[in-house]
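This report refers to the structure that appears directly beneath it.
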Amino acid sequence: MILTVTLNPSIDSIYFTDTFVLGEMNRCNNPIKAIGGKGINAGRTAAILGGDVTTTGVLAGINGKFIQAELEQEPFKSAFFPISGESRNAVTVMDQEKNQTEIVELGPEITDTTAKKIIDTVIDFSFKQKEAPVIALCGSANTKNEHLYQDYLQQLQDQLGPTVKILTDISGKQLQNVVNGTIKPYFIKPNIHEFAELVNRPLTSKQDVIEQLNHPLLVGIPFILVSCGGEGAVAKYHERIFDVGIPAIDIINPTGSGDATVGGVAFAIDQGLSIEETLRYGMACGMSNALEQAVGYVSVEIVDTLKHNIVIHEIEQMFHV
Ligand code: ATP
Numbered sequence: 001m002i003l004t005v006t007l008n009p010s011i012d013s014i015y016f017t018d019t020f021v022l023g024e025m026n027r028c029n030n031p032i033k034a035i036g037g038k039g040i041n042a043g044r045t046a047a048i049l050g051g052d053v054t055t056t057g058v059l060a061g062i063n064g065k066f067i068q069a070e071l072e073q074e075p076f077k078s079a080f081f082p083i084s085g086e087s088r089n090a091v092t093v094m095d096q097e098k099n100q101t102e103i104v105e106l107g108p109e110i111t112d113t114t115a116k117k118i119i120d121t122v123i124d125f126s127f128k129q130k131e132a133p134v135i136a137l138c139g140s141a142n143t144k145n146e147h148l149y150q151d152y153l154q155q156l157q158d159q160l161g162p163t164v165k166i167l168t169d170i171s172g173k174q175l176q177n178v179v180n181g182t183i184k185p186y187f188i189k190p191n192i193h194e195f196a197e198l199v200n201r202p203l204t205s206k207q208d209v210i211e212q213l214n215h216p217l218l219v220g221i222p223f224i225l226v227s228c229g230g231e232g233a234v235a236k237y238h239e240r241i242f243d244v245g246i247p248a249i250d251i252i253n254p255t256g257s258g259d260a261t262v263g264g265v266a267f268a269i270d271q272g273l274s275i276e277e278t279l280r281y282g283m284a285c286g287m288s289n290a291l292e293q294a295v296g297y298v299s300v301e302i303v304d305t306l307k308h309n310i311v312i313h314e315i316e317q318m319f320h321v
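Taking UniProt numbering, the leading residue of the sequence shown gets 1, the next gets one more, and so forth.
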């Protein structure tokens, strides 16, 4: 059982343009409009793979009503509740060179009252399951509380016990505070840029990332996956470090590949698969998403094929930070 939490769902519009010129009229004849938010995308991926998935979070205003209606068509169960304000729009312009320009609204504020309601919902839901679910806390939140996710980890562990597996796909201050907190998440998935910000060093290659995986900040987090776009990923699982290579593919739209990776990882963890198989699922889902125009979608057939082409190389550690 997997539960994903999305504090800032969105309506994602993607405009494909032949040319995109700032300050000029740019026409587009094949827009895509879909619901998004990291937890929704990750949940969809895990559900497509066959996972038993519920998503929760908050919805606001007219956009929230649109998202709610779309959620009813999804392959997962959803339990969102309304708050005031307006759920956000996120606009991506994809030009001929596959450059992505994004405009993303802030979204409705998560007040302390809303934050409490969300965590109470997650805890109530978890208690109703036969076994504690794998919980994925995903994405940004418009909140004044920079320790929101850290607080959530504390409350989840207090209520559900130390064995609860909490996955986080967050960045910036929230991620920093989570890794610095006493209660550690089971899994984090920064991309290389988010990881560079976390360890406060410029990182441009997988080798740079590997050298930071023993950073003292990361002690106590069992599973760290640093995704590196078309280069694959680097992972640390307990004391083991892996260079995860992927084949070159002709991508269509890589937006949401990180979310799909988290969905694949959540599915594999929920199924109790090995670390190697978990990494294969994560990578294959990220790639399958990049082969679709839509955001946060994967194909089971493509994932099954791609999984065999992931090259996992365990690195012998000869350095200590
Ligand atoms: P997003 O924020 O758009 O969800 P991200 O920055 O968190 O993405 P990435 O590192 O870009 O995550 O991608 C996650 C995974 O998706 C990669 O590890 C890889 O498996 C796959 N992927 C992403 N981009 C490409 C690409 N250009 N070619 C092949 N695979 C890709």
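Glycine included, every Cβ here is placed at the ideal spot set by N, Cα and C.
Beta-carbon separation (whole angstroms), I48 vs N253, contact threshold 8 Å: Going by Cβ atoms, the distance from I48 to N253 rounds to 17 Å, so no, they are not a contact pair.
Coarse secondary structure for H313, derived from DSSP in three states: strand
Under 8 Å between C-beta atoms of V226 and P185: Going by C-beta atoms, V226 is not nearer than 8 Å to P185.
Close-in-space but distant-in-sequence residues of the same chain around V91 (CB under 6 Å, 5 per side omitted): S13, I103
Residue interval of the alpha helix (DSSP H) (run including L167): Unbroken run through L167 is the beta strand (DSSP E), 166–169; no alpha helix (DSSP H).
T255 Cβ short of 7 Å to the ligand ATP heavy atom set: yes
Nonlocal neighbours in the same chain, by C-beta distance under 8 Å from K165, ignoring five residues either side: Around K165: A132, V134, I135, Y186, F187, I269.
Closer than 7 Å: A233 CB and nearest the ligand ATP heavy atom: yes
Distance between L273 and G245 (C-alpha atoms, nearest Å): 19 Å
Limits of the beta strand (DSSP E) - the one that R88 falls within: 88–94
Residue from D169, N30, V300 whose Cα sits closest to the Cα of E194: D169
Which of helix, strand or coil DSSP assigns to N191: strand
Nearest-angstrom beta carbon gap, V122 and T56 [assumed within contact, 8 Å]: 7 Å
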